[in-house]
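Line by line, the protein sequences are chains A and B.
According to this note's numbering, the residues represented by the first sequence are 1308 to 1462, in order.
According to this note's numbering, the residues represented by the second sequence are 190 to 257, in order.
What follows is a short report on a single structure.
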Amino acid sequence: MRYIVEGKVTSSDIETADRLSRRRARMIPVLAAIFLAGQAAYFSQDRAERLVDHVKIGAWLIWVLVLLVVLETGGGFIHSKKVRALINDEITRANRQRAYAIGFWTAMGVGIGTYVVAMFEPVTSREAIHLIVTAAIGGALLMFGLLERRAHRDG
Amino acid sequence: MADELRNRLRDLRGERGLTQAALAELVGVSRKTINTVENGVFVPSTLLALKLARALGVPVEEIFSLDQ
């Protein structure tokens, strides 16, 4: 996906993009923390396949999809193309790539850990996938948020 | 010996009396990008480096150089 700022960028665009980018940098780690903290509910109960369990799994899937969209696009859909291009410019794209790398390695770590645990305790495929995907997204979001906050810090 | 990038972006920007936001507006990037380039946190692409040089009216080598 290419982000090209077309047309002249105004000071208003710069200010709006700066404000949105700071807000995003503050919100994303919070979203990640809420997402990660909420996962305990999926593993704290027995594995009864009740309707409420299916609803929880559906809710988790929606959470995952929304967070992936936020991570990949940077949000700001109600704003102009110019502002969206500014909040997704070079530094943000570089931060996003680093976040994806952290997500990958987090997934590898949790995947391998789950594999080892499964040698001693039964782990269903759904539980394993849930753990790996949650860890990957949580790790990527936290790193992205931290990198974006660092980018706003004045040196 | 590893090469490091030296940059004079903050100095050159200051000499022209530009804020980070003003320079960002001239180049068409966010203020955050200008900030991270100035602080050495981010190495800009060739395209961005050339745009910065054009905005400041100097050759790109005057902004960025290798510190060997």
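Every residue, glycine too, gets a C-beta built ideally from N, C-alpha and C.
Quick caveat, the model's predicted, so the values are computed rather than measured.
- Message: Three or more C-beta pairs under 8 angstroms: does that hold for the segment 1361 to 1379 of chain A against the segment 1329 to 1349 of chain A?
- Response: yes
- Task: Look at residue 232/B and residue 242/B and say whether their C-beta atoms are less than 8 angstroms apart.
- Result: Within the second sequence, the letter at position 43 stands for residue 232/B. Within the second sequence, the letter at position 53 stands for residue 242/B. Cβ distance not < 8 angstroms, so residue 232/B and residue 242/B don't count as in contact.
- Task: Establish whether the CB of residue 220/B and some CB of chain A are separated by less than 8 angstroms.
- Result: Translated into positions along the second sequence, residue 220/B becomes position 31. Residue 220/B counts as touching chain A.
- Task: Would you tell me roughly how many angstroms separate the C-alpha atoms of residue 197/B and residue 213/B, rounded to the nearest one?
- Result: By one-based count along the second sequence, residue 197/B stands at place 8. By one-based count along the second sequence, residue 213/B stands at place 24. Approximately 16 angstroms, taken between the alpha carbons.
- Mind pulling the chain B residues with CB within less than 8 angstroms of residue 1459/A? Your numbering for residue 1459/A matches position 152 in the first sequence. Within chain B, the residues near residue 1459/A are 221, 224.
- Reduced DSSP secondary structure (H/G/I, E/B, other) of residue 1310/A: Mapped onto the first sequence, residue 1310/A falls at position 3. At residue 1310/A the pLDDT is 48, less than 50, meaning the model places this residue with poor confidence and gives no usable figure here.
- Query: Sorted by chain position, which residues of the same chain lie with C-beta nearer than 6 angstroms to residue 1327/A's C-beta, five sequence neighbours on each side aside?
  - Reply: In the first sequence, counting from the first residue as 1, residue 1327/A sits at position 20. For residue 1327/A, where only same-chain residues beyond five positions count, the Cβ hits under 6 angstroms are 1383, 1394.
- Coil, strand or helix - residue 1319/A by DSSP: Your numbering for residue 1319/A matches position 12 in the first sequence. Of the three classes helix, strand and coil, the one that applies to residue 1319/A here is helix, per DSSP.
- Message: Would residue 1398/A and residue 1339/A qualify as a contact pair, given that the criterion is a beta-carbon distance under 8 angstroms?
- Response: By one-based count along the first sequence, residue 1398/A stands at place 91. By one-based count along the first sequence, residue 1339/A stands at place 32. Cβ distance not < 8 angstroms, so residue 1398/A and residue 1339/A don't count as in contact.
- Task: Could you name the residues of chain B that residue 1397/A contacts, counting a contact when the two beta carbons are closer than 8 angstroms?
- Result: The residue given as residue 1397/A occupies position 90 in the first sequence. Here the neighbours are 218, 222, 231, 233, 234, 237.
- Exposed unless 16 or more other CB atoms sit within 10 angstroms - verdict on residue 195/B: Taking the second sequence and counting its residues from 1, the one referred to as residue 195/B is at position 6. Residue 195/B should be labelled exposed.
- Query: residue 1410/A: which of 1391/A, 1455/A, 1378/A sits nearest, CA to CA?
  - Reply: Within the first sequence, numbered from 1, the residue matching residue 1410/A stands at position 103. Checking every option, the nearest Cα to that of residue 1410/A belongs to 1378/A.
- Query: By the criterion of Cβ-Cβ separation under 9 angstroms, what are the contact partners of residue 289/B in chain A?
  - Reply: Nothing can be reported for residue 289/B: it is not among the residues displayed for chain B, which extend from 190 to 257.
- Task: Express the C-alpha separation of residue 1371/A and residue 1444/A in angstroms, rounding to a whole number.
- Result: Reading the first sequence from its first residue, position 137 is the one you call residue 1444/A. Reading the first sequence from its first residue, position 64 is the one you call residue 1371/A. When rounded, the distance between both Cα atoms is 8 angstroms.
- Message: Just verifying my parser: in three-state terms, what is the DSSP assignment at residue 254/B?
- Response: Walking along the second sequence from the start, residue 254/B turns up at place 65. Three-state result, residue 254/B: strand.
- Message: Determine whether the beta carbon atoms of residue 1325/A and residue 221/B lie at a separation below 8 angstroms.
- Response: Locating residue 1325/A in the first sequence gives position 18, where the first residue counts as 1. Locating residue 221/B in the second sequence gives position 32, where the first residue counts as 1. It is a contact, given that the beta carbons lie within the stated cut-off.
- Item | Residue nearest to residue 254/B in terms of C-alpha spacing, selected from 246/B, 238/B, 244/B, 245/B | Numbered from its first residue, the second sequence carries residue 254/B at position 65. Closest option to residue 254/B, Cα to Cα, is 238/B.
- Which bits of chain B does residue 1324/A rub up against, with CB to CB less than 7 angstroms? Your numbering for residue 1324/A matches position 17 in the first sequence. Within chain B, the residues near residue 1324/A are 219.
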